[in-house]
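In the working numbering, the protein residues as written are 656 to 864.
All residues carry an ideal CB built from backbone N, CA and C; glycine is no exception.
These figures come from a predicted structure and were not determined experimentally.
Data block below; observations after.
Set out below in C-alpha coordinates:
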(Lines of atoms letter the chains of each structure in order from A; the text may use other names.)
(Lines give C-alpha, C1' and ligand atoms only; values in the text may rest on other atoms or scores of the structure.)
Protein backbone atom coordinates (compact mmCIF):
# COMPACT_ATOMS: atom_id res chain seq x y z
CA UNK A 656 0.00 0.00 0.00
CA UNK A 657 2.98 2.25 0.63
CA UNK A 658 5.23 0.42 -1.84
CA UNK A 659 7.46 -0.88 0.92
CA UNK A 660 9.91 -3.72 0.34
CA UNK A 661 9.57 -6.48 2.93
CA UNK A 662 11.90 -9.28 3.96
CA UNK A 663 9.78 -12.36 4.78
CA UNK A 664 11.29 -15.14 6.94
CA UNK A 665 9.03 -18.02 8.03
CA UNK A 666 9.74 -21.54 9.27
CA UNK A 667 12.25 -23.82 7.57
CA UNK A 668 13.94 -22.63 4.40
CA UNK A 669 13.17 -24.04 0.97
CA UNK A 670 15.63 -26.33 -0.78
CA UNK A 671 16.06 -25.51 -4.45
CA UNK A 672 16.57 -22.65 -6.90
CA UNK A 673 13.48 -20.58 -5.96
CA UNK A 674 12.23 -18.72 -2.91
CA UNK A 675 8.66 -19.89 -2.36
CA UNK A 676 7.42 -17.89 0.60
CA UNK A 677 9.71 -18.96 3.44
CA UNK A 678 12.78 -16.89 2.54
CA UNK A 679 11.44 -14.15 0.26
CA UNK A 680 11.70 -10.45 -0.45
CA UNK A 681 8.24 -9.12 -1.27
CA UNK A 682 6.88 -6.06 -3.04
CA UNK A 683 3.81 -4.54 -4.68
CA UNK A 684 3.50 -5.77 -8.30
CA UNK A 685 1.32 -2.77 -9.24
CA UNK A 686 4.19 -0.34 -8.69
CA UNK A 687 5.89 0.98 -11.83
CA UNK A 688 9.10 1.56 -9.87
CA UNK A 689 9.24 -1.63 -7.82
CA UNK A 690 11.32 -3.63 -10.32
CA UNK A 691 14.08 -1.01 -10.43
CA UNK A 692 14.01 -0.43 -6.67
CA UNK A 693 14.31 -4.11 -5.84
CA UNK A 694 17.05 -4.67 -8.41
CA UNK A 695 19.20 -1.62 -7.71
CA UNK A 696 18.70 -1.09 -3.98
CA UNK A 697 18.02 -4.59 -2.70
CA UNK A 698 19.63 -7.12 -5.05
CA UNK A 699 22.34 -4.70 -6.28
CA UNK A 700 22.12 -5.84 -9.89
CA UNK A 701 20.92 -4.52 -13.26
CA UNK A 702 17.61 -2.66 -13.10
CA UNK A 703 16.03 -4.58 -16.00
CA UNK A 704 16.12 -8.06 -14.46
CA UNK A 705 12.58 -9.42 -14.12
CA UNK A 706 10.84 -10.66 -10.99
CA UNK A 707 8.25 -13.37 -10.49
CA UNK A 708 4.75 -13.22 -8.99
CA UNK A 709 3.28 -15.31 -6.20
CA UNK A 710 -0.45 -15.47 -6.97
CA UNK A 711 -3.37 -17.00 -5.11
CA UNK A 712 -4.11 -20.25 -6.95
CA UNK A 713 -7.84 -19.57 -7.21
CA UNK A 714 -7.19 -16.27 -9.00
CA UNK A 715 -4.25 -17.24 -11.23
CA UNK A 716 -6.45 -17.79 -14.30
CA UNK A 717 -7.86 -14.26 -13.96
CA UNK A 718 -4.44 -12.63 -14.20
CA UNK A 719 -2.49 -15.09 -16.37
CA UNK A 720 -3.34 -17.26 -19.36
CA UNK A 721 -3.61 -20.57 -17.52
CA UNK A 722 -6.48 -22.97 -16.95
CA UNK A 723 -8.57 -22.47 -13.82
CA UNK A 724 -7.10 -24.59 -11.03
CA UNK A 725 -3.60 -24.68 -12.56
CA UNK A 726 -0.91 -25.39 -9.98
CA UNK A 727 2.65 -24.10 -10.11
CA UNK A 728 3.77 -24.21 -6.46
CA UNK A 729 7.47 -24.39 -7.33
CA UNK A 730 7.54 -21.39 -9.69
CA UNK A 731 8.37 -23.48 -12.76
CA UNK A 732 5.57 -22.35 -15.09
CA UNK A 733 5.93 -19.42 -17.49
CA UNK A 734 2.62 -18.01 -18.72
CA UNK A 735 1.45 -14.87 -20.54
CA UNK A 736 -0.19 -12.12 -18.52
CA UNK A 737 -3.93 -12.19 -19.22
CA UNK A 738 -4.98 -9.82 -22.04
CA UNK A 739 -7.50 -8.06 -19.79
CA UNK A 740 -4.65 -7.09 -17.44
CA UNK A 741 -2.35 -5.80 -20.19
CA UNK A 742 -1.90 -2.20 -21.35
CA UNK A 743 -1.88 -1.43 -25.08
CA UNK A 744 1.63 -0.93 -26.45
CA UNK A 745 1.98 1.98 -28.86
CA UNK A 746 3.65 1.42 -32.23
CA UNK A 747 6.41 3.83 -31.26
CA UNK A 748 7.25 1.69 -28.23
CA UNK A 749 7.35 -1.48 -30.34
CA UNK A 750 10.07 0.09 -32.49
CA UNK A 751 12.34 0.81 -29.55
CA UNK A 752 15.42 -1.33 -28.98
CA UNK A 753 17.33 -2.51 -25.95
CA UNK A 754 16.55 -1.08 -22.53
CA UNK A 755 14.33 1.61 -24.04
CA UNK A 756 11.68 -1.07 -24.50
CA UNK A 757 11.44 -1.55 -20.75
CA UNK A 758 10.50 2.01 -19.84
CA UNK A 759 6.78 1.53 -20.52
CA UNK A 760 4.46 -0.35 -18.10
CA UNK A 761 2.92 -3.27 -19.99
CA UNK A 762 0.18 -4.25 -17.56
CA UNK A 763 -1.56 -3.51 -14.28
CA UNK A 764 1.23 -5.53 -12.64
CA UNK A 765 4.33 -4.04 -14.32
CA UNK A 766 6.80 -5.26 -11.69
CA UNK A 767 6.26 -8.89 -12.80
CA UNK A 768 5.44 -8.42 -16.50
CA UNK A 769 8.32 -9.17 -18.86
CA UNK A 770 8.81 -7.30 -22.13
CA UNK A 771 7.01 -10.12 -23.99
CA UNK A 772 4.10 -10.10 -21.50
CA UNK A 773 5.24 -13.35 -19.88
CA UNK A 774 5.71 -14.12 -16.19
CA UNK A 775 7.13 -17.07 -14.26
CA UNK A 776 4.46 -17.65 -11.67
CA UNK A 777 4.11 -19.43 -8.38
CA UNK A 778 0.60 -20.42 -7.36
CA UNK A 779 -0.08 -20.22 -3.63
CA UNK A 780 -2.70 -22.24 -1.75
CA UNK A 781 -3.65 -22.25 1.92
CA UNK A 782 -2.95 -25.92 2.62
CA UNK A 783 0.58 -25.84 1.25
CA UNK A 784 1.63 -22.28 2.08
CA UNK A 785 -0.31 -21.32 5.21
CA UNK A 786 0.75 -17.91 6.47
CA UNK A 787 2.14 -16.84 3.09
CA UNK A 788 -1.24 -17.53 1.53
CA UNK A 789 -2.98 -15.52 4.23
CA UNK A 790 -0.61 -12.60 3.69
CA UNK A 791 -1.37 -12.45 -0.04
CA UNK A 792 -5.07 -12.92 0.69
CA UNK A 793 -5.02 -9.88 2.99
CA UNK A 794 -3.20 -7.85 0.33
CA UNK A 795 -5.89 -8.91 -2.15
CA UNK A 796 -8.66 -7.82 0.22
CA UNK A 797 -7.08 -4.38 0.57
CA UNK A 798 -6.04 -3.80 -3.05
CA UNK A 799 -7.97 -6.13 -5.35
CA UNK A 800 -4.64 -7.60 -6.51
CA UNK A 801 -4.14 -11.29 -5.54
CA UNK A 802 -0.39 -11.44 -6.04
CA UNK A 803 2.94 -10.12 -4.77
CA UNK A 804 6.41 -9.72 -6.23
CA UNK A 805 8.49 -12.59 -4.81
CA UNK A 806 12.26 -12.79 -5.09
CA UNK A 807 14.80 -14.73 -3.08
CA UNK A 808 15.95 -13.32 0.26
CA UNK A 809 19.57 -12.49 -0.60
CA UNK A 810 21.73 -10.02 -2.51
CA UNK A 811 23.55 -10.82 -5.75
CA UNK A 812 26.17 -13.51 -5.19
CA UNK A 813 24.84 -14.48 -1.75
CA UNK A 814 23.11 -17.78 -0.92
CA UNK A 815 19.50 -17.49 0.21
CA UNK A 816 19.47 -16.60 3.91
CA UNK A 817 19.23 -19.58 6.26
CA UNK A 818 19.13 -18.28 9.84
CA UNK A 819 17.51 -15.28 11.56
CA UNK A 820 21.01 -13.78 11.81
CA UNK A 821 21.48 -14.13 8.04
CA UNK A 822 18.11 -12.49 7.44
CA UNK A 823 18.82 -9.58 9.79
CA UNK A 824 22.21 -8.89 8.23
CA UNK A 825 20.77 -8.92 4.70
CA UNK A 826 17.93 -6.67 5.88
CA UNK A 827 20.38 -4.20 7.41
CA UNK A 828 22.78 -4.35 4.46
CA UNK A 829 20.14 -3.43 1.88
CA UNK A 830 17.33 -0.92 1.45
CA UNK A 831 14.54 -3.21 2.61
CA UNK A 832 12.01 -1.31 4.71
CA UNK A 833 10.70 -4.07 6.98
CA UNK A 834 11.70 -7.54 8.12
CA UNK A 835 8.99 -9.99 9.16
CA UNK A 836 10.83 -12.61 11.20
CA UNK A 837 8.26 -15.25 12.16
CA UNK A 838 5.88 -13.23 14.41
CA UNK A 839 8.17 -10.21 14.74
CA UNK A 840 8.02 -7.10 12.55
CA UNK A 841 11.30 -5.16 12.50
CA UNK A 842 11.54 -1.59 11.19
CA UNK A 843 14.89 -0.55 9.75
CA UNK A 844 15.21 2.80 11.49
CA UNK A 845 14.45 1.28 14.90
CA UNK A 846 17.27 -1.28 14.77
CA UNK A 847 20.27 -0.79 17.08
CA UNK A 848 23.19 0.56 15.08
CA UNK A 849 21.09 1.12 11.97
CA UNK A 850 22.97 4.28 11.04
CA UNK A 851 26.41 2.72 11.43
CA UNK A 852 25.81 -0.77 10.00
CA UNK A 853 28.84 -1.64 7.76
CA UNK A 854 26.90 -1.95 4.50
CA UNK A 855 29.94 -1.83 2.20
CA UNK A 856 31.74 -4.45 4.26
CA UNK A 857 28.68 -6.72 4.17
CA UNK A 858 28.22 -6.44 0.39
CA UNK A 859 31.94 -6.96 -0.27
CA UNK A 860 31.58 -10.56 0.96
CA UNK A 861 29.61 -11.50 -2.15
CA UNK A 862 30.83 -11.37 -5.73
CA UNK A 863 28.42 -10.09 -8.43
CA UNK A 864 26.81 -12.88 -10.47
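message: Contact defined as beta carbons within less than 8 Å: I believe residue 728 pairs with residue 806. What is the distance between those atoms, to the nearest angstrom?
response: For the purposes of this step, residue 728 is taken as the residue at position 73 of the chain shown. For the purposes of this step, residue 806 is taken as the residue at position 151 of the chain shown. 17 Å between Cβ atoms; not a contact.
message: Suppose you measure from the CA of residue 726 to the CA of residue 771; what does that come to, to the nearest Å?
response: Here the question's residue 726 lines up with position 71 in the chain shown. Here the question's residue 771 lines up with position 116 in the chain shown. Distance between residue 726 and residue 771, taken at the CA atoms: about 22 Å.
- request: Could you check if residue 671 is buried or exposed, using at least 16 other CB atoms within 10 Å of its CB as the buried criterion?
  value: Walking along the chain shown from the start, residue 671 turns up at place 16. So residue 671 counts as exposed.
query: How is residue 830 classed by DSSP in three states: helix, strand or coil?
result: On the chain shown, residue 830 is found 175 positions in, with the first residue counted as 1. DSSP places residue 830 in coil when its eight states are reduced to three.
query: What's the gap between the Cα of residue 835 and the Cα of residue 735?
result: Your numbering for residue 835 matches position 180 in the chain shown. Your numbering for residue 735 matches position 80 in the chain shown. Going by the C-alpha atoms only, they are around 31 Å apart.
- request: Please say whether residue 827 and residue 661 have beta carbons closer to each other than 8 Å?
  value: Numbered from 1 along the chain shown, position 6 holds the residue referred to as residue 661. Numbered from 1 along the chain shown, position 172 holds the residue referred to as residue 827. No, the Cβ-Cβ distance between residue 661 and residue 827 is not below 8 Å.
query: Between the beta-carbon of residue 689 and the beta-carbon of residue 707, is there less than 8 Å?
result: Along the chain shown, one-based indexing puts residue 689 at 34. Along the chain shown, one-based indexing puts residue 707 at 52. Against a cut-off of 8 Å, the Cβ pair of residue 707 and residue 689 comes out as no contact.
Residue 791 - containing alpha helix (DSSP H), residue span: Position 136 of the chain shown, counted from the first residue, corresponds to residue 791. Residue 791 -> alpha helix (DSSP H) spans 786–798.
query: Exposed or buried, residue 782, counting other C-beta atoms within 10 Å across all chains shown (16 or more means buried)?
result: The count along the chain shown starts at 1 and reaches residue 782 at position 127. That one is exposed.
task: Would you tell me roughly how many angstroms separate the C-alpha atoms of residue 742 and residue 658, rounded to the nearest one?
output: For the purposes of this step, residue 742 is taken as residue 87 along the chain shown, with counting starting at 1. For the purposes of this step, residue 658 is taken as residue 3 along the chain shown, with counting starting at 1. The straight-line gap from Cα to Cα measures roughly 21 Å.
- prompt: Can you list, in chain order, the residues of its chain whose CB lies under 7 Å from that of residue 760, leaving out five sequence neighbours each side?
  reply: Mapped onto the chain shown, residue 760 falls at position 105. Once the five neighbours on either side are set aside, the close Cβ partners of residue 760 are 687, 742.
query: Would a C-beta distance cut-off of 8 Å place residue 668 and residue 680 closer than the cut-off?
result: Numbered from 1 along the chain shown, position 13 holds the residue referred to as residue 668. Numbered from 1 along the chain shown, position 25 holds the residue referred to as residue 680. No.
field: Under the three-state DSSP convention, the category residue 849 falls into
entry: Taking the chain shown and counting its residues from 1, the one referred to as residue 849 is at position 194. The answer is helix: DSSP assigns residue 849 an H, G or I state.
- request: Tell whether a beta-carbon distance below 8 Å holds between residue 740 and residue 709.
  value: To locate residue 740, count along the chain shown from 1; it is residue 85. To locate residue 709, count along the chain shown from 1; it is residue 54. The answer is no: Cβ separation not under 8 Å.
query: Do you know how far the Cα of residue 787 is from the Cα of residue 818?
result: Within the chain shown, the letter at position 163 stands for residue 818. Within the chain shown, the letter at position 132 stands for residue 787. Those two C-alpha atoms are separated by around 18 Å.
task: Report the option in 719, 790, 699, 800 whose CA atom is closest to the CA atom of residue 663.
output: In the chain shown, counting from the first residue as 1, residue 663 sits at position 8. Selected option, being the one with the closest Cα: 790.
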